[in-house]
Amino acid sequence: MEQNVIIRKEEQKDWEIVENITREAFYNLYVPGCVEHYLVHIMRKHEDFIPELDFVLERNGQVIGNIMYTKSRLIDENGIEKEILTFGPVSILPAYQRMGYGKMLMEHSFQAAMQLGYDVIVIFGSPSNYVSRGFKSCKKYNVSMENGRYPAAMMVKELSPHALDGHKWIYHDSPVMAISEEEAERYDNTLDPLEKKYFPSQEEFYIMSHSFVEE
C-alpha cells in the first residue's frame, strides 16, 4: 500500500492520541516508565508553549508522530537575553520508528520556525539522533548551563548561520520542563497500566545525561 504522509497542526481532537503516542514511544526507554506524556499534557497550557510549532504526522490517515516546541532563552556575557526554541518531546509510534518520520517532522518544523523569525534551537537528547539534522555540541557555540558546564546531551542548531557568533551564552529552559516526578506518576496511574521494566537504554541514558564536554 502506497503511504500517504501529511504533516499538519495538532488539533484538540489529537491531544489524547498524541499523549498515548508519546507514552508508547518513551515508556521504559530512559527510566522505568516515563514522564514525557505528562509533559505533553501540561505543556499546551503553559505560556511558553508555541501552538504554531505543534505538528502531527499522519500516515494513511493515522496519527503516528508529533513534535512540540516551547520558548527558551540564552543570556550573553552582557546580560542581554535572546529568545530561542526548544523542542521535545518528538515522538513516533514504536512500530514506525527508524523510518524517517521523525526527520520529516523536524525538518518541517525547522522551516516553520524560521518563518516565525526564530534562528536558534537548543535541545537535550542523544547526539546520534540529531547530529544528522544539523545539531552540534553546545560547546562549539559557547552555550553552557548556568554552572558553566557543557552537557554532552545539549545540542544547538543555528537556523540562521552565525546567529550566535561572538558571544558566550548561558541556556535557560522553560519552567514547564521542571517536571514533578510525583505528579507525573499520579497522572500515569490514571491511564491504562503499562509494565515498568529495565532496559539497557536506561543505562545509556544515565551515562549520556551525566557526561560533559570539557575544555
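Under this note's numbering, the first residue of the sequence shown carries the number 895, and numbering increases by one thereafter.
For every residue, glycine included, the Cβ atom is placed at its ideal position computed from N, Cα and C.
Asked	Found
Pair within 8 Å by beta-carbon distance, residue 1014 and residue 1052	yes
Any non-hydrogen atom of the ligand FMN closer than 7 Å to residue 967 Cβ	Absence of the ligand FMN is noted for the structure shown, with no ligands found whatsoever.
4 or more residues per run - each alpha helix (DSSP H) lying fully within the stretch 996-1075	1021-1024
Beta-carbon spacing of residue 1037, residue 1016 below 8 Å	yes
Buried/exposed call for residue 993, threshold 16 Cβ in 10 Å	exposed
Three-state secondary structure assigned by DSSP to residue 962	strand
Distance, residue 1090 Cα to residue 1075 Cα	15 Å
Terminal residues of the beta strand (DSSP E) in which residue 971 lies	Careful: residue 971 lies outside any beta strand (DSSP E) and carries neither H nor E.
Residue 1088 in three-state terms, based on DSSP	coil
Beta-carbon spacing of residue 920, residue 1021 below 8 Å	no
Collapsed DSSP secondary structure at residue 929 in the structure displayed	coil
CB of residue 1118 within 8 Å of CB of residue 942, strictly	With the chain covering only 895 through 1109, there is no way to say anything about residue 1118.
Neighbourhood of residue 1035 by C-beta, 8 Å cutoff - its chain only, sequence neighbours within 5 removed	1050, 1052, 1058 and 1063
6 Å Cβ shell around residue 1005 - same chain, five flanking residues per side excluded	none
Own chain residues within Cβ distance below 6 Å of residue 1001, not counting five before or after	none
Buried or exposed by the 16-neighbour rule on C-beta atoms within 10 Å, applied to residue 974	exposed
Alpha carbon of residue 952 to alpha carbon of residue 944, nearest angstrom	20 Å
Residue nearest to residue 946 in terms of C-alpha spacing, selected from 1085, 902, 1018 and 976	902
Contact check, residue 1007 vs residue 968, beta carbons under 8 Å	no
Proximity to residue 1093 [Cα-Cα], best of 933, 989, 922 and 997	922
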